[in-house]
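Engineer: The sequence shown maps to residues -19 to -1, 1 to 104 in mature numbering (1 follows the signal peptide of the UniProt record, and there is no 0).
Beta carbons: idealized from backbone N, C-alpha and C, even for Gly.
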Amino acid sequence: MKKLIALASILAISGMAVAKGGFQNNTNNAGGGFGPNAGINSVRAALNAQDDMPVSIEGYIVRQIDGDEFIFRDVAGSEIRIDVSDRAWNGQTIQPNDLIIIQGKVDKEWNKTDIDVKNIIKK
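1) Applying the criterion that 16 or more other CB atoms from any shown protein chain within 10 Å of the CB defines a buried residue, is residue 65 buried or exposed?
2) Helix or strand or just coil, what does DSSP make of residue 32?
3) Whose C-beta lies closer than 6 Å to the C-beta of residue 97 among residues of the same chain, with five residues either side of it excluded?
4) So which of 92, 28, 101 and 47 has the shortest CA-CA distance to residue 72?
5) Assuming residue 75 is part of the beta strand (DSSP E), what are its boundary residues?
6) DSSP beta-bridge partners for residue 55?
7) If I measure Cβ to Cβ from residue 27 and keep anything under 8 Å in the same chain, skipping five residues before and after, which residues do I get?
8) Once DSSP output is grouped into helix, strand and coil, what is the label at residue 67?
9) In whole angstroms, what is the alpha-carbon distance linking residue 23 and residue 55?
10) If you draw a straight line from the alpha carbon of residue 74 to that of residue 29, how long is it in whole angstroms?
11) By how many angstroms is the C-alpha of residue 53 removed from the C-alpha of residue 76?
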């Protein structure tokens, strides 16, 4: 009987922890995540940013360099190399004339700066 009560208690507590899930329309970006308030919103700012800073930039993928590397041009005309994860596409087909928003983080290495893209939003 004690085992049954303990099991029921554990299930009730774990159920309460998961119950809050789902979609929440929260417009303020309180953490270091992605979103419209991610901080870096232009290629120029990304080139001058620190490593791992979150970005959300509007623009175009202008050409593919190889497998998952592309050249991205923001709406101001500045370009940067981006590394797009497979999941970032979200099943979308993107053409060079499609206006998109890339979300990810700045990747600084000693001789180059690029953006690791985690999400693409087609406008």
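Structural biologist: Let's see:
1) In the sequence shown, residue 65 corresponds to position 84, counting from 1. Residue 65 is buried by the Cβ-count criterion.
2) Here residue 32 corresponds to residue number 51 of the sequence shown, with the count starting at 1. Coil, per DSSP.
3) Indexing the sequence shown from 1 puts residue 97 at position 116. Excluding residues up to 5 positions away in sequence, 64, 85, 86 and 88 lie with their Cβ nearer than 6 Å to the Cβ of residue 97 in the same chain.
4) As a first step, residue 72 is located in the sequence shown; it is residue number 91 there, counting from the start. The candidate whose alpha carbon is nearest that of residue 72 is 101.
5) Here residue 75 corresponds to residue number 94 of the sequence shown, with the count starting at 1. Looking at the DSSP string, residue 75 is not in any beta strand (DSSP E), and its letter there is neither H nor E.
6) In the sequence shown, the residue the question calls residue 55 occupies position 74. The partner list for residue 55 (beta bridge, DSSP) reads 40.
7) Within the sequence shown, numbered from 1, the residue matching residue 27 stands at position 46. If we look at residue 27 and ignore the five residues flanking it on each side, its Cβ neighbours are 21, 34, 36, 38, 61, 87, 94 and 96.
8) The sequence position of residue 67 within the sequence shown is 86, counting from 1. Three-state result, residue 67: helix.
9) Position 42 of the sequence shown holds residue 23. Position 74 of the sequence shown holds residue 55. Straight-line Cα distance between these residues: approximately 7 Å.
10) As a first step, residue 74 is located in the sequence shown; it is residue number 93 there, counting from the start. As a first step, residue 29 is located in the sequence shown; it is residue number 48 there, counting from the start. The straight-line gap from Cα to Cα measures roughly 30 Å.
11) Reading the sequence shown from its first residue, position 95 is the one you call residue 76. Reading the sequence shown from its first residue, position 72 is the one you call residue 53. CA-CA distance, residue 76 to residue 53, rounds to 12 Å.
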